[in-house]
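This report refers to the structure that appears directly beneath it.
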Amino acid sequence: MEQVCQPANLNRAYQRVLANKGSPGPDGMTVGQLGKWIKIHGHKLIATLLDGSYQPQPVRGVQIPKPGGKGMRQLGIPTVVDRLVQQAMLQVLDPILDPTFSTSSYGFRAGRSAHQALLKAKEYVAEGRGIVVDIDLEKFFDKVNHDILMARLGRWVGDKRMLRIIGRFLRAGLMQNGVCVMREEGTPQGGPLSPLLANLLLDDLDKELDKRGHRFCRYADDCNIYVQSEAAGQRVLASVTKFLEQKLKLRVNPDKSAVAPVVERKFLGHRLLPGGRLGIAPQSLNRARERL
49 MEQVCQPANL
59 NRAYQRVLAN
69 KGSPGPDGMT
79 VGQLGKWIKI
89 HGHKLIATLL
99 DGSYQPQPVR
109 GVQIPKPGGK
119 GMRQLGIPTV
129 VDRLVQQAML
139 QVLDPILDPT
149 FSTSSYGFRA
159 GRSAHQALLK
169 AKEYVAEGRG
179 IVVDIDLEKF
189 FDKVNHDILM
199 ARLGRWVGDK
209 RMLRIIGRFL
219 RAGLMQNGVC
229 VMREEGTPQG
239 GPLSPLLANL
249 LLDDLDKELD
259 KRGHRFCRYA
269 DDCNIYVQSE
279 AAGQRVLASV
289 TKFLEQKLKL
299 RVNPDKSAVA
309 PVVERKFLGH
319 RLLPGGRLGI
329 APQSLNRARE
339 RL
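Numbering (our numbering), first residue to last: 49 to 340.
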């Protein structure tokens with residue numbers, strides 16, 4: 049927490065929050081008002097972080113349509129002060145956690161991209177793995193188990209103040225239509241920490257797939273495993289579903305998950321063809337990034 053509260057780290061977090069802009073949280077404070085707030089309350093903010101008493105505010109619930117009219121996606125917009133704190137924490141945690149992640153994880157990581165995930169997927173298909181196990185996690189960001197996630201974080205972070213405050217961020221209420229709903233699970237998209245925490249939880253899946261020797265690409269909660277036969281794919285789907293549901297308490301959507309020839313499924317907006325060629329023009333990659 050002392051690293052989080054270093055002036056240089058807080059200043060960098062402040063600049064990032066300004067650059068990201070974004071809508072106000074439930075308190076209505078804009079990013080343009082944050083600087084003035086810090087001048088008045090900055091010392092108290094730092095004191096509450098250092099003694100572990102910092103209390104995050106509820107997030108503002110916003111629902112946006114998913115691409116292709118496939119339902120709605122829940123976002124949670126924190127206050128700008130909470131975004132500042134999360135960003136400052138992210139800047140300390142990311143250098144600790146990210147180097148431990150699998151090389152097959154591409155989403156929300158510096159120096160990694162959807163384009164790189166596609167290139168690796170093309171390699172696997174070109175090697176003869178023409179069957180994909182396409183795993184769809186049902187409402188992943190809404191269903192993250194807090195206890196399991198905090199246990200994973202505790203493997204790397206010993207500072208009880210940090211863990212206590214991150215736990216409060218996870219449990220912060222969701223303000224929607226004037227009503228604050230308390231949350232016992234999930235890490236709604238919208239806060240700076242959510243992508244890192246999501247990768248931390250799903251790294252258990254990555255490590256399990258690595259241990260089994262599978263060839264796979266994961267971008268956020270979009271995971272494709274490449275195998276050589278449908279029979280092998282069905283075995284993988286069954287065993288990975290069991291792992292996710294028993295070990296991580298995540299639900300695999302049976303209606304959207306499938307074992308199929310790569311040509312029949314899309315990955316990050318593209319359809320892979322036999323031999324590893326792409327079936328959709330590269331311009332669609334931008335739409336895939338926006339979706340994720």
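In this text, a Cβ means the ideal position worked out from N, Cα and C, and glycines have one as well.
- For G281, the enclosing alpha helix (DSSP H) starts and ends at 278-295.
- For Q111, the enclosing beta strand (DSSP E) stretches over residues 107-113.
- Pairing I214 with E175, the inter-Cα distance amounts to about 43 Å.
- Secondary-structure assignment with DSSP links S153 through a beta bridge to R266.
- Pairing A165 with G155 gives a Cβ-Cβ distance under 9 Å.
- In the DSSP secondary-structure assignment, K170 is not bridged to any residue.
- DSSP places A308 in the uninterrupted beta strand (DSSP E) bounded by 306-309.
- About 6 Å separates the Cβ atoms of R60 and Q139, confirming a contact at the 8 Å cut-off.
- Shortest Cα-Cα distance from A158 to any of P243, L197, I94 involves P243.
- Sequence-distant partners of E278 (beyond 5 residues in either direction) whose C-beta falls short of 7 Å from its own C-beta, in its chain, are I179, V307.
- G239 and R313 do not touch by the CB rule: their CB atoms are close to 31 Å apart, not below 8 Å.
- Of the residues assessed, P322 falls on the exposed side of the cut-off, its CB having fewer than 16 other CB atoms within 10 angstroms.
- Judged by DSSP secondary structure, G124 falls outside any alpha helix (DSSP H) and instead within the beta strand (DSSP E) spanning 120-125.
- Below 8 Å, too few C-beta pairs join the region 90-103 and the region 188-206 to call them touching: fewer than three.
- Look at Q139 here: in three-state DSSP terms it is helix.
- Looking from the CA of N272, the closest CA among V310, I88, L82, L201 belongs to V310.
- Distance check between P104 and each of V128, Q122, P113 places V128 closest, using alpha-carbon atoms only.
- Short of 6 Å from the beta carbon of E186, and not among the five residues preceding or following it, lie these beta carbons of its own chain, in chain order: R299, N301.
- In this structure R177 touches Y274 by the C-beta definition: roughly 4 Å separates them, less than 8 Å.
- Counting along the chain, the unbroken beta strand (DSSP E) around V180 starts and ends at 179-184.
- Per DSSP, Q237 is not a residue of any alpha helix (DSSP H), being assigned neither H nor E.
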